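Comments concern the structure below.
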Amino acid sequence: MVLRKVGGWCQVLRASRKKTIVTENQQQNNTNRDQWQRPQRTKRTCDWKLGTWNCRSLNFIGSIRMLADLLKDRGFGIVALQEVCWTGSMVRTFRGNHTIYRSCGNTRELGTAFIVMGDMQRCVIGWWPIDERMCRLRIKGRFFNFSIINVHSPHSGSTDDDKDAFYAQLEREYDRYPIHNVKIIIGDLSAQVGQEEEFRPTIGNFSAHQ
């Protein structure tokens, strides 16, 4: 409807409708628009997975094969190990397509190690055994390198001298890495959580420590 003023009067005129010609291409576009669906989100993937495990002991026959099979099923690339209970420091590659970098003492106590799985073996650009409580591994990344320190800190029953020596050594090793590297400290830090109220949503009501 259109209002039109003529000689002081308003006239109401009916607007004519224009015919719209729908071409075959427009019909095809409308059909495609109706059939269009939102693309599904692809599953987010990661380059590699890093883990840590206090093994308590790997000093038995078949332990490495069992460990490698377990980590392979879970898709780990690198795992830091503590208390492997081996002797000596060495690098050994196994037929199961994994390599172990171990840093142990002269007795079958404590001992730290890295197990590197599959294609991640080609990314290792450095390894430094320090002692039975600490070792370092350096990984080549896509944009920057990763510097990983595997530690097994003294427990609360250790002497103050042992604790001070451990953390002083850790600070020195941390500072050895280039500043532009991503530095990761991983392992068993022998942390103890008490029975305070703020910890209960995480650990529950039955903490092992006072």
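Numbered according to the UniProt record's numbering, the sequence shown spans residues 1 to 210. No residue lacks a Cβ here, since even glycine has one placed at the ideal position from N, Cα and C. Small disclaimer: the values here were computed from a predicted structure and weren't measured.
Query	Result
Nearest residue (CA-CA) to G51, options L71, R102 and F94	L71
Status (buried if at least 16 other CB within 10 Å, exposed otherwise) for V91	exposed
Inside the UniProt domain "Endonuclease/exonuclease/phosphatase" (51-191) only - beta strand (DSSP E) runs reaching at least 3 residues	78-82, 89-94, 98-103, 112-117, 124-131, 134-139, 146-152 and 182-188
Spatially closest choice to E197 from R176, I149 and F206, by CA coordinates	F206
8 Å Cβ shell around G8 - same chain, five flanking residues per side excluded	Confidence at G8 is low in this model, with a pLDDT of 48, below 50, so the placement of that residue is unreliable and no value is reported for it.
6 Å Cβ shell around R95 - same chain, five flanking residues per side excluded	none
C-beta atoms of A80 and N150 nearer than 8 Å	yes
The region 58-77 / the region 129-136 touching (three or more Cβ pairs under 8 Å)	no
Buried/exposed call for G157, threshold 16 Cβ in 10 Å	exposed
Cut-off 7 Å between Cβ atoms - residues of its own chain near I203, not counting five sequence neighbours on either side	V193
Selection from I184, I186 and K49 that minimises the alpha carbon distance to V116	K49
Between the CA atoms of S190 and N97 - distance to the nearest angstrom	31 Å
Alpha carbon of S103 to alpha carbon of A113, nearest angstrom	6 Å
The ligand HEM heavy atom lying under 7 Å from the CB of L50	Ligands in the displayed structure: none, and consequently the ligand HEM is not present.
Pair within 8 Å by beta-carbon distance, N181 and R108	no
C-alpha gap between S89 and D119, whole angstroms	23 Å
When Y174, G77, D69 and R142 are compared against W128, the one with the closest alpha-carbon	Y174
DSSP-derived helix/strand/coil call for residue 244	What the structure shows of the chain is the stretch from 1 to 210, and residue 244 is not part of that stretch, so it cannot be assessed.
Option in T93, G126, I185 and R200 with minimal Cα separation from S153	I185
CB of R138 within 8 Å of CB of G126, strictly	yes
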